[in-house]
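The sequence shown runs -20 to -1, 1 to 52 under mature numbering (1 follows the signal peptide of the UniProt record, and there is no 0).
For each residue, glycine too, the CB sits at the ideal point set by N, CA and C.
Computed from a predicted model, the values in this text were never measured in an experiment.
Taking it in order: structure first as structure tokens, then the write-up.
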Amino acid sequence: MKKLVFTALAVVAFSATSFAETREVKVDKILFTDCENWAMDQMALYDPGDQLPPEEAHDNYRSLVEECDRNT
């Protein structure tokens, strides 16, 4: 009898989740500017094996983006 009651409660508990409202999740696309794309290409040429430390790579990338922004 205990098993029957437990099973009935479990069925009721888990059936509620099947009636939950489901929604489509939209993923925003990240769009890069021309300068950011150019800077990424330059970094790929400058450091093709991604050997730079992350801080240095980020600083170089940001300086390339800023240089491009100044020249456009």
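- Sorting THR13, ASN17, MET23, GLU4 by C-alpha distance to the C-alpha of HIS38 places MET23 at the top.
- Around the beta carbon of LEU25, fewer than 16 other beta carbons sit within 10 angstroms, so the residue counts as exposed.
- Going by beta carbons, THR52 and ASP27 fall outside the 9 angstroms limit.
- DSSP places PRO33 in the coil class of the three-state scheme, outside both helix and strand.
- Inclusion of GLU16 and VAL45 in the CB contact set at 9 angstroms is warranted, their separation being smaller than that value.
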